[in-house]
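> Each residue of the sequence shown is one higher than the one before, starting from 4 at the first, in the numbering used here.
We put the beta carbon where it would ideally sit given N, CA and C, even for glycine.
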Amino acid sequence: MVLWRDGPESADHRHHVEWTVDEDILWGRNTQAAALAEPGLWQERDHVVLRGRLALHDDDVATLEVCGAHVMFDVAAPLPEGSDGAWVEIRVETDSVALCSFEI
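1. Go through its chain and collect everything with a Cβ distance to V24's Cβ below 7 Å, but skip five positions before and after it.
2. Put S104 into one of helix, strand or coil per three-state DSSP.
3. Quick check on E38: buried or exposed, where buried means 16 or more other Cβ atoms within 10 Å of its Cβ?
4. Leaving aside the five residues before and after G88 along the sequence, list all residues of the same chain whose C-beta is less than 8 Å from its C-beta, in chain order.
5. Going by beta carbon distance, what residues of the same chain come within less than 6 Å of W22, once the five residues before and after it are set aside?
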């Protein structure tokens, strides 16, 4: 379960959402190579696990593509060679994840 940043009256409708994750990528700690090359999203106890394709950008920023959504992360330490485009799993604490709705 993650934080819904909009009013409770809107929570039971369909939305386009923006993911906000307040946790950096730390390879070997909260980020690792994925065993499966397919997107995934699930909860494990007090963590949310996102599995997707990693894209590295300038200024220590990366995005994770999960089912067509792009979730932005800061990169706290250098990533292994070959990480760009790799399938990875990122585990973050549930209280570091929030969803905000928006209209297209």
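Considering the structure as presented:
1. The beta carbon of V24 is closer than 7 Å to those of V74, F76, V95, S99, V100 in its chain, skipping five residues each way along the sequence.
2. Strand at S104.
3. Residue identity check: residue 38 is Ala in the sequence provided, not Glu. It counts as exposed.
4. Within its own chain, the residues whose Cβ lies closer than 8 Å to the Cβ of G88, once the five positions on either side in sequence are excluded, are R56, L57, A58, listed in chain order.
5. Around W22: V74.
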